[in-house]
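Student:
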Amino acid sequence: MDKRPIVEAMQRFYESQNISFHVPGHKHGALSELPRAFIDVMKFDYTELSGLDDYHHPESIIEEAQVLLAKTYSAQHSYFLVNGSTVGNLAMVYATCREGDRVLVQRNAHKSIFNALELVGTLPIFLTPEWDEVTHTATHISMATMKGAIEQYSDAKAIILTHPTYYGVTNPTMFEVIKMAHSYGIPVLVDEAHGAHFIATDEFPMSALEMGADVVVQSAHKTLPAMTMGSYLHIHSKLVSKDKVNRYLRMLQSSSPSYILLASLDDARQYIGTYSRGDYQLFLKTRMQFVESLRTIKSLEVIEVDDPLKLLLRVSKYTGYSLQKQMEHEGVYVELADPEQVLLILPLLKARHQFPYAEIRMKIKSAVEKCLKLQRDKIDIDYSHELQALSTLAVSYHDLQNKEEEFILYTKAAGRICAGMVIPYPPGIPLFVRGERITTTKLKMLADYLASGAMIQGEHDLGNKHLLVLKEEKI
Ligand SMILES: Cc1ncc(COP(=O)(O)O)c(C=O)c1O
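For the sequence shown, this note's numbering begins at 394 and goes up steadily by one.
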């Protein structure tokens with residue numbers, strides 16, 4: 394578990410002071426005019442040279458590191474991803490579905506899942522998640538909804554779930570859903586982008602892999618000490634072909650992987666693979682002290698979720714955006730803000746680490762005090778709309794390809810077919826999906842999001858109050 398085959402090989406390569414007549418063109422940083430610290434990193438920016446293996450056909454250090462990765466996560470096969478969980482999500486959908494296949498998908502999925510479904514040309518059935526009154530976020534699919542969906546669409550080629558949510562809320566029905574899906578011969582694909590650390594100790598939530606999921610994708614860069622874009626994909630399945638997943642990973646990823654990224658994935662694997670009880674005890678102790686110290690800040694509400702690495706902070710009557718702004722003035726940058734709160738991702742400390750929690754608490758206190766001096770800006774958003782448990786596209790992905798599109802005022806869009814995803818981001822849950830009919834209920838939610846100052850990603854022009862819709866008469 395202690396070995397880091399890629400890191401060790403790169404270190405040896407560096408020490409041998411080889412001359413570069415190969416890519417990349419910066420020649421170990423020699424030609425770069427970036428600041429010194431950047432160039433120090435570029436010295437390790439290698440490519441697939443003798444002794445450094447081949448990313449897409451690994452036989453030595455990358456193969457060895459990926460075997461260690463599979464062992465660490467108790468998977469049959471594991472892969473390092475250099476294009477984030479985004480590419481893992483694409484590959485798992487491509488490997489299991491064909492054009493016209495039905496897929497059951499949790500609606501509060503990341504946009505990469507929606508992109509994958511569209512690229513493949515699937516017929517998705519979107520499952521509406523439960524609403525959590527504590528975190529004010531959408532969570533998992535209830536067993537009743539899931540059961541109904543599997544029974545109605547027993548020919549589905551895959552079930553796609555997200556676990557945990559961005560906010561660290563886990564899925565209590567996952568185990569049962571996987572069991573039921575397997576009894577129908579349907580593989581379960583899990584976007585576990587926020588759960589790469591779950592295997593640290595038994596006190597963390599259970600990983601989808603442990604619960605029997607067929608393919609699990611994790612953003613190592615989100616919660617482990619890996620560099621941005623570094624992710625893992627694990628397969629443990631009788632239903633999904635590892636060769637197919639691997640083929641799509643080869644098609645979808647660069648033929649020039651970043652070795653710095655691969656090294657950081659190798660290192661992060663060793664980090665989590667050697668995480669000890671002592672490490673956990675230190676993590677827990679410092680975390681508890683931090684949480685308790687935050688609870689003494691007047692007007693600050695601290696909300697703990699299933700994942701101990703996530704923490705929500707709220708100041709009553711103020712949006713998360715206002716708190717975020719004040720925290721940033723104090724030099725404290727959070728993972729995300731929404732109309733209710735900010736989300737912190739805490740560091741997965743080991744026993745040898747220190748983190749300046751006391752100092753941070755002072756900064757947060759100051760941010761809260763400054764926030765309280767501002768004009769109150771929180772608008773109560775009514776999330777209690779009854780949404781259909783299951784929904785499908787009004788116009789299939791295949792048919793969408795040939796349709797013309799236009800921008801219209803969103804207030805006039807009820808009944809039209811949406812042509813661009815509309816995703817309040819964060820938290821990244823699509824309000825409208827391409828090909829869906831626009832309803833008045835959803836338009837009301839959109840108006841609330843806009844009024845609350847949420848950032849809304851996707852293909853739209855909401856700055857000018859316009860949505861992208863199919864150019865055709867009302868259907
Ligand atoms: C739930 C979820 N899945 C997938 C992704 C994409 O991950 P990556 O940034 O590693 O490509 C994200 C990114 O925020 C995410 O939140």
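Where a beta carbon is used, it is the ideal one built from N, C-alpha and C, also for glycine. Predicted model, so just to flag it, every value in this text is computed and none were measured.
Report back the beta-carbon spacing between residue 815 and residue 860 to the nearest angstrom; my notes put them in contact at under 8 Å.
Tutor: 7 Å
Student: So is the beta-carbon of residue 477 under 7 Å away from any non-hydrogen atom of ligand 1?
Tutor: yes
Student: Just tell me which of 765, 751, 745 has its CA closest to the CA of residue 718.
Tutor: 765
Student: Have a look at 508, 659, 537 and flag the residue whose alpha-carbon is nearest the alpha-carbon of residue 851.
Tutor: 508
Student: Just reading off the beta strand (DSSP E) that residue 470 is part of, what are its end residues?
Tutor: 470 to 474
Student: Determine the closest residue to residue 714 out of 746, 842, 834, with distance taken between C-alpha atoms.
Tutor: 842
Student: Run the proximity test for residue 584: is its beta-carbon closer than 7 Å to any non-hydrogen atom belonging to ligand 1?
Tutor: yes
Student: Could you check what DSSP says for residue 719 in three-state terms: helix, strand or coil?
Tutor: helix
Student: Whose C-alpha, out of 522, 412, 529, is nearest the C-alpha of residue 698?
Tutor: 529
Student: Locate the beta strand (DSSP E) running through residue 551, then write down its first and last residues.
Tutor: 551 to 555
Student: So what does DSSP say about residue 850, is it helix, strand or coil?
Tutor: strand
Student: Report the residue from 720, 752, 485, 455 whose alpha carbon sits nearest the alpha carbon of residue 760.
Tutor: Nearest option by C-alpha distance: 720.
Student: Mind listing, in chain order, the continuous beta strand (DSSP E) runs of no fewer than 3 residues lying wholly within the stretch 592 to 642?
Tutor: 608 to 611, 624 to 628
Student: Buried or exposed for residue 688, please, with buried defined as at least 16 other CB atoms from any protein chain shown within 10 angstroms of its CB.
Tutor: exposed
Student: Classify residue 725 as helix, strand or coil using the three-state DSSP reduction.
Tutor: In the structure shown, residue 725 sits in coil (DSSP, three-state: anything other than H, G, I, E or B).
Student: So is the beta-carbon of residue 538 under 7 Å away from any non-hydrogen atom of ligand 1?
Tutor: no
Student: Going by the C-beta, is residue 616 closer than 7 Å to any heavy atom of ligand 1?
Tutor: With a threshold of 7 Å, the Cβ atom of residue 616 does not count as near ligand 1, since no heavy atom of the ligand is closer than that.
Student: I need the boundaries of the beta strand (DSSP E) containing residue 516, first residue and last residue.
Tutor: 516 to 520
Student: Using CA coordinates, which residue listed in 806, 711, 739 is at the minimum distance from residue 767?
Tutor: When only C-alpha atoms are compared, the closest one is 711.
Student: List the endpoints of the continuous beta strand (DSSP E) containing residue 409.
Tutor: Per DSSP, residue 409 belongs to no beta strand (DSSP E) and is neither H nor E.
Student: What's the C-alpha gap between residue 772 and residue 733?
Tutor: Cα-Cα distance, rounded: 9 Å.
Student: With respect to 7 Å, is the separation between the Cβ of residue 555 and the closest non-hydrogen atom of ligand 1 below this value?
Tutor: Yes, the Cβ of residue 555 comes within 7 Å of a heavy atom of ligand 1.
Student: Considering just the uninterrupted stretch of the alpha helix (DSSP H) at residue 538, what are its terminal residues?
Tutor: 536 to 545
Student: How do the stretch 528 to 547 and the stretch 467 to 474 stand: do at least 3 beta-carbon pairs fall below 8 Å, yes or no?
Tutor: Short answer: they don't touch.
Student: Within this structure, are the beta carbons of residue 556 and residue 585 separated by less than 8 Å?
Tutor: yes
Student: Since residue 835 and residue 825 should fall inside the 8 Å C-beta cutoff, what is the C-beta to C-beta distance between them, to a whole number of angstroms?
Tutor: Indeed they touch by this definition, with Cβ atoms about 6 Å apart.
Student: When the distance is taken between beta carbons, is residue 748 closer than 8 Å to residue 667?
Tutor: no
Student: If you check the beta carbons only, do residue 551 and residue 579 fall under 8 Å apart?
Tutor: yes
Student: For a test of your reading of the model: does the CB of residue 508 fall under 7 Å from any non-hydrogen atom of ligand 1? Yes or no.
Tutor: no
Student: Confirm the yes/no value for this check: CB of residue 505, any heavy atom of ligand 1, distance under 7 Å.
Tutor: Yes, ligand 1 has a heavy atom inside 7 Å of this Cβ.
Student: Skipping 5 residues on each side, what residues in its chain have a beta carbon closer than 6 Å to that of residue 535?
Tutor: Sequence-distant Cβ neighbours of residue 535 in its own chain, meaning closer than 6 Å and more than five residues away, are 523.
Student: Mind the definition here: the stretch 750 to 757 touches the stretch 628 to 637 only if three or more C-beta pairs lie below 8 Å; say whether that holds.
Tutor: no
Student: May I ask whether a heavy atom of ligand 1 can be found less than 7 Å away from the beta carbon of residue 853?
Tutor: Incorrect: residue 853 has no Cβ contact closer than 7 Å to ligand 1.
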